[in-house]
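With my numbering, the residue at position 351 of the sequence shown is 365, and numbering never jumps. We put the beta carbon where it would ideally sit given N, CA and C, even for glycine. Here the structure comes first, spelled out in structure tokens, and everything after it is commentary.
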Amino acid sequence: MAAKTVNYDDSSIQILKGLDAVRKRPGMYIGSTDSHGLHHLIWEIVDNAVDEALNGYGKKITITLEADGSCTVEDEGRGMPIGKHASGVNTLQVIFTVLHAGGKFTSEGGYRTAGGLHGVGASVVNALSEWLTVEVAHEGKLVRMRFEHGDKKIYPLEELGKTNRTGSKVTFKPDKKIFTTTDFKYDTVCERAREEAFLLSGIAITVIDKRGKKEVRETFCYDDGLKSFLEYLHEDRNVLMAPVKFSGESQTIKVDVAFQYTDDYQENTFSFVNLVRTLDGGTHEVGYKTAFTKAVNDYARKYGLLKDKDKNLEGSDVREGLTSIISVSIPEELLQFEGQTKGKLGTPQAKPAVDAVVSEKLAFWLEENRDQSDMLVRKMMKASMAREAARKAREDARKGKKTSKAEKVLSGKLAPAQSKDARIKELFLVEGDSAGGSAKQGRDSHYQAILPLRGKVLNTEKASVSEIEKNVELNTLIHALGAGVGADFDYTESNYGKVIIMTDADDDGSHIQILLLTFFYRYMRPLLEQGMVYIALPPLYRVTKGKVLEYCYTDDELDELRRKLGKIEVQRYKGLGEMNASQLWETTMDPASRTLIQVSIEDGILAERRVSTLMGDKADLRRKWIEENISFTLEDDFRVES
Ligand code: 2B7
15 MAAKTVNYDD SSIQILKGLD AVRKRPGMYI GSTDSHGLHH LIWEIVDNAV DEALNGYGKK
75 ITITLEADGS CTVEDEGRGM PIGKHASGVN TLQVIFTVLH AGGKFTSEGG YRTAGGLHGV
135 GASVVNALSE WLTVEVAHEG KLVRMRFEHG DKKIYPLEEL GKTNRTGSKV TFKPDKKIFT
195 TTDFKYDTVC ERAREEAFLL SGIAITVIDK RGKKEVRETF CYDDGLKSFL EYLHEDRNVL
255 MAPVKFSGES QTIKVDVAFQ YTDDYQENTF SFVNLVRTLD GGTHEVGYKT AFTKAVNDYA
315 RKYGLLKDKD KNLEGSDVRE GLTSIISVSI PEELLQFEGQ TKGKLGTPQA KPAVDAVVSE
375 KLAFWLEENR DQSDMLVRKM MKASMAREAA RKAREDARKG KKTSKAEKVL SGKLAPAQSK
435 DARIKELFLV EGDSAGGSAK QGRDSHYQAI LPLRGKVLNT EKASVSEIEK NVELNTLIHA
495 LGAGVGADFD YTESNYGKVI IMTDADDDGS HIQILLLTFF YRYMRPLLEQ GMVYIALPPL
555 YRVTKGKVLE YCYTDDELDE LRRKLGKIEV QRYKGLGEMN ASQLWETTMD PASRTLIQVS
615 IEDGILAERR VSTLMGDKAD LRRKWIEENI SFTLEDDFRV ES
């Protein structure tokens with residue numbers, strides 16, 4: 015981020031560094047040079063267009079993925095400044111060739127709202143592009159400028175003529191030498207465009223893809239964005255009320271929050287700072303939660319729903335089934351982020367600001383909507399009683415009955431590992447008893463434990479905690495991990511460092527994977543967030559030719575082997591059960607030769623929608639979703655890494 019005050023030496027060093035610094039270390043400026051970094055280029059440019067729109071100029075932004083692999087962003091703002099800059103050159107040239115030029119132009123009394131940590135601007139995009147053109151309609155003139163490899167070749171500003179409209183248009187072609195991929199993903203661009211449109215009520219963002227045979231386009235525009243956001247998230251859930259939204263401003267911090275209850279058990283909070291997601295929360299979330307819990311308790315006491323003898327409702331009771339969106343805009347000078355990935359807001363002022371808005375407006379809303387409020391408080395009291403009962407049961411268990419219960423649940427099912435070191439231990443969840451038997455024989459029992467899964471795994475998307483606790487398979491799994499479940503789950507207490515799902519490579523196997531992942535997503539999410547869940551990849555084929563024995567894990571590998579070896583003998587594995595213990599060890603369990611797929615959550619919002627669509631109780635939506643996403647594989651739901 016640009017320093018607020020720069021002395022002469024600093025600024026001249028910056029200019030001397032120029033764009034080569036960006037090309038040398040692109041990661042420093044855009045995070046990475048993979049697909050993620052590539053798409054970042056688009057958002058850098060779009061951020062500027064969004065800022066212009068937020069300043070009140072131009073409500074339409076268009077992003078076009080061009081046939082030649084370039085990307086165009088267009089707005090209907092005032093048009094970037096095109097006059098001579100103090101330094102003597104054209105202002106457009108400064109914008110696109112001087113690092114950190116951004117902030118200096120936005121001092122029109124407003125502050126940069128869009129963009130978060132990497133808000134480094136147009137020059138970085140130019141530096142990482144083979145070429146970039148900018149067309150500006152400003153104060154009656156239409157002009158154009160072109161750059162190649164950033165500042166390597168700068169064409170003089172061309173005057174194209176007169177115009178009576180205003181706006182800016184930037185087209186850039188990402189540099190193939192810099193990025194590991196230069197293939198923009200239409201869906202990725204749409205997802206983010208939709209999210210920005212939700213957060214920016216009234217602004218229309220259109221995404222156009224001109225690369226295919228047929229042009230595809232979608233426009234995202236919401237009059238009441240946060241409410242639409244909740245409707246989108248809850249499309250296939252049973253909601254208990256219409257979405258509620260509060261807005262306000264406190265000490266230069268703008269606050270928008272919206273919430274809605276569903277009949278689910280999970281709480282979900284999506285928070286944003288200056289349009290950027292704060293995955294790890296921070297002071298704005300704390301302010302929201304504190305105020306929410308207090309307002310509800312005050313209401314419940316005032317109307318005698320909570321009696322004097324009753325304890326207050328806890329935050330987790332209040333938020334059971336609650337989805338919240340918290341969006342704050344904070345002036346740049348107050349911005350402060352924390353944590354390893356800088357995904358946590360540290361700005362102290364955000365807590366009282368959000369607290370003030372929510373306290374006042376929620377208290378008012380509760381009073382104005384007595385029927386709904388009473389219904390919600392009764393639901394929260396039920397959650398509170400369930401929590402108390404669970405706590406009591408745990409306490410009883412701790413007083414002596416625990417070990418016997420865990421032992422009873424696990425006896426005869428789990429083949430435990432000998433080591434006491436959780437970090438090296440692996441828990442295999444194995445489909446079927448026969449494969450479970452081979453796995454038990456073939457494993458390294460020092461650190462590998464086997465839990466065979468019989469019968470169907472429960473669809474936890476539709477089940478309550480008590481149903482889950484009664485389910486034998488999941489109960490066994492919970493006890494084997496020994497780290498609790500739901501709100502009580504603590505991954506640091508896990509008996510295993512890796513949980514490995516091992517199923518047949520067929521439809522049933524994928525279904526079991528999805529059911530287990532759904533359970534982890536809903537009830538042990540930190541396990542996924544910590545990257546502790548894996549999927550084992552058993553081979554599809556056993557190939558022999560004379561004395562040569564090889565295993566193939568994909569059809570491509572098999573084709574490759576055919577090309578290499580000519581005529582071969584191929585055995586197709588229909589299931590894990592067809593392998594004997596030593597084959598299973600060698601191909602699927604031995605760390606020296608196996609392939610594991612690590613499961614992680616790519617994007618909370620997408621995962622949320624996909625999990626609920628796939629596993630929810632609205633079968634028609636599920637069918638529609640699967641039809642529309644024919645390429646459905648696990649990778650679509652959960653990002654997987656070998
Ligand atoms: C800080 C740099 C980036 N800027 C302005 C004015 C308008 C304007 C911009 C923009 C992206 C793709 C098409 C202000 C210049 C800031 O100063 S950036 N429009 N659009 C944009 O980047 N779109 C501006 C005051 C008076 N006139 C124009």
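_Taking a contact to mean a Cβ-Cβ separation below 9 Å, would you say F442 touches A550 in this structure?_
Mapped onto the sequence shown, residue 442 falls at position 428. Mapped onto the sequence shown, residue 550 falls at position 536. Contact flag set, yes.
*asked:* Taking 8 Å as the cut-off, does the stretch 577–586 touch the stretch 427–438 (at least 3 CB pairs, one atom from each stretch)?
replied: no
*Please list the segments of the beta strand (DSSP E) lying wholly inside the stretch 549–600, counting only runs of 3 or more residues, in order along the chain.*
555–559, 562–566 and 583–586
_Short of 8 Å in beta carbon distance, which residues of its chain neighbour L244, apart from the five on each side in sequence? Order them along the chain._
Taking the sequence shown and counting its residues from 1, the one referred to as residue 244 is at position 230. So the list reads P257, A272, F273, Q274, T337 and I339, once near-sequence residues are dropped.
*Name the two residues that bound the continuous beta strand (DSSP E) containing T297.*
Looking up residue 297 in the sequence shown gives position 283. Looking at the DSSP string, T297 is not in any beta strand (DSSP E); the run it does join, the alpha helix (DSSP H), is T297 to K316.
*Give a single yes or no on whether D201 has its beta carbon closer than 8 Å to a heavy atom of the ligand 2B7.*
Position 187 of the sequence shown, counting from 1, holds the residue named residue 201. Answer for D201: no, Cβ out of range of the ligand 2B7.
_Y275 in three-state terms, based on DSSP_ = Counting from 1 along the sequence shown, the entry for residue 275 is found at position 261. In the structure shown, Y275 sits in a strand (DSSP, three-state: E or B).
*Does the distance from the C-beta atom of H53 to that of T202 stay below 9 Å?*
Here residue 53 is taken as the residue at index 39 of the sequence shown, counted from 1. Here residue 202 is taken as the residue at index 188 of the sequence shown, counted from 1. In this structure, T202 lies closer than 9 Å to H53 by Cβ.
*Would you identify the three-state DSSP class for G496, choosing helix, strand or coil?*
Within the sequence shown, residue 496 is the residue found at index 482, counting from 1. G496: coil per DSSP, three-state reduction.
_Same chain, Cβ closer than 8 Å to L488, five either side skipped, listed in chain order_ = For the purposes of this step, residue 488 is taken as the residue at position 474 of the sequence shown. Excluding sequence neighbours, L488 sits near V471, L472, T474, I482 and F533.
*Using alpha carbons as the reference points, say which of L79, I109 and W599 lies closest to G226.*
Sequence index remark: in the sequence shown, residue 226 carries index 212 (1-based). Checking every option, the nearest Cα to that of G226 belongs to L79.
*For T490, which of M593, L530 and E232 has the nearest alpha-carbon?*
By one-based count along the sequence shown, residue 490 stands at place 476. Minimum Cα distance to T490 is reached at L530.
*Going by CA-CA distance only, name the one from K191, A151, K155 and R206 that's closest to K183.*
On the sequence shown, position 169 is the one that residue 183 refers to. Residue A151 is the option with its Cα nearest to K183.
*Which whole-angstrom value describes the C-beta separation of L106 and M159, a residue pair presumed to lie in contact below a C-beta threshold of 8 Å?*
Position 92 of the sequence shown, counting from 1, holds the residue named residue 106. Position 145 of the sequence shown, counting from 1, holds the residue named residue 159. Sure, about 5 Å apart at Cβ, within 8 Å.
*How would you call Q462, buried or exposed, if buried means at least 16 neighbouring beta carbons within 10 angstroms?*
For the purposes of this step, residue 462 is taken as the residue at position 448 of the sequence shown. Burial call: buried.
*asked:* What residue range does the alpha helix (DSSP H) around L349 cover?
replied: One-based indexing of the sequence shown puts residue 349 at position 335. Per DSSP, L349 belongs to no alpha helix (DSSP H) and is neither H nor E.
*How about the stretch 495–506 and the stretch 534–544: do they share at least three Cβ pairs that are nearer than 8 Å?*
yes
*asked:* If you follow the beta strand (DSSP E) that P466 is in, where does it begin and where does it stop?
replied: Taking the first residue of the sequence shown as position 1, residue 466 is located at position 452. Q462 to L467 is the extent of the beta strand (DSSP E) around P466.
*What separation, rounded to the nearest whole angstrom, lies between the Cα atoms of E352 and R457?*
Here residue 352 is taken as the residue at index 338 of the sequence shown, counted from 1. Here residue 457 is taken as the residue at index 443 of the sequence shown, counted from 1. Roughly 42 Å separates the two Cα atoms.
_I need the DSSP call for C85, collapsed to helix, strand or coil._
On the sequence shown, position 71 is the one that residue 85 refers to. It is a strand residue.
*From E205 to E402, what distance separates their C-alpha atoms?*
Taking the first residue of the sequence shown as 1, we reach residue 205 at position 191. Taking the first residue of the sequence shown as 1, we reach residue 402 at position 388. When rounded, the distance between both Cα atoms is 40 Å.
*Can you name the start and end residues of the beta strand (DSSP E) that A218 belongs to?*
By one-based count along the sequence shown, residue 218 stands at place 204. Residues A218 to D223.
*Where K241 falls, given that 16 or more other Cβ within 10 Å makes a residue buried*: Working through the sequence shown from its first residue, we reach residue 241 at position 227. Buried: at least 16 other Cβ atoms inside 10 Å.
*First and last residue of the alpha helix (DSSP H) that includes I44?*
As a working note, residue 44 is residue 30 in the sequence shown. Unbroken alpha helix (DSSP H) run through I44: P40 to I44.
*With which residues is D61 paired in a DSSP beta bridge?*
Residue numbering aside, residue 61 sits at position 47 when the sequence shown is read from its first letter. According to DSSP, D61 bridges with nothing at all.
*asked:* Using a Cβ distance threshold of 8 Å, determine whether the stretch 181–201 contacts the stretch 57–72, with at least three qualifying pairs required.
replied: yes
_Three-state secondary structure (DSSP) of S285_ = Position 271 of the sequence shown, counted from the first residue, corresponds to residue 285. Strand, per DSSP.
*Enumerate in chain order the residues of its own chain whose CB-to-CB distance from A595 is below 7 Å, with the five nearest sequence positions on each side excluded.*
Counting from 1 along the sequence shown, the entry for residue 595 is found at position 581. Here the set comprises S452, Q455 and G456.
*Using the rule of at least 16 other Cβ atoms within 10 Å of the residue's Cβ for burial, across every protein chain shown, is Q432 buried or exposed?*
On the sequence shown, position 418 is the one that residue 432 refers to. Q432 is exposed by the Cβ-count criterion.
*Does the ligand 2B7 have a heavy atom nearer than 8 Å to the CB of V221?*
Numbered from its first residue, the sequence shown carries residue 221 at position 207. No; taking the cut-off as 8 Å, the Cβ of V221 has no heavy atom of the ligand 2B7 nearer than that.
_First through last residue of the beta strand (DSSP E) which encompasses F193_ = Mapped onto the sequence shown, residue 193 falls at position 179. First-last for F193: undefined, no H or E at that position.
*Answer yes or no: the CB of P188 versus the heavy atoms of the ligand 2B7, is any distance below 8 Å?*
Numbered from 1 along the sequence shown, position 174 holds the residue referred to as residue 188. Flag unset: Cβ of P188 not near the ligand 2B7.
*Would you list the one or two residues that DSSP bridges to K396?*
If you number the sequence shown from 1, residue 396 lands on position 382. Paired residue(s): none; K396 is not in a bridge.
*Decide if P605 is buried, meaning its Cβ has at least 16 other Cβ atoms within 10 Å, or exposed.*
As a working mapping, residue 605 is identified with position 591 in the sequence shown. It counts as exposed.
*asked:* Could you give the first and the last residue of the continuous alpha helix (DSSP H) run that contains I526?
replied: Counted from its first residue, the sequence shown places residue 526 at position 512. D521 to Y537 is the span of the alpha helix (DSSP H), which, as asked, contains I526.
*Could you please give the first and the last residue of the uninterrupted alpha helix (DSSP H) stretch that includes Q107?*
Within the sequence shown, residue 107 is the residue found at index 93, counting from 1. Q107 -> alpha helix (DSSP H) spans T105 to T111.
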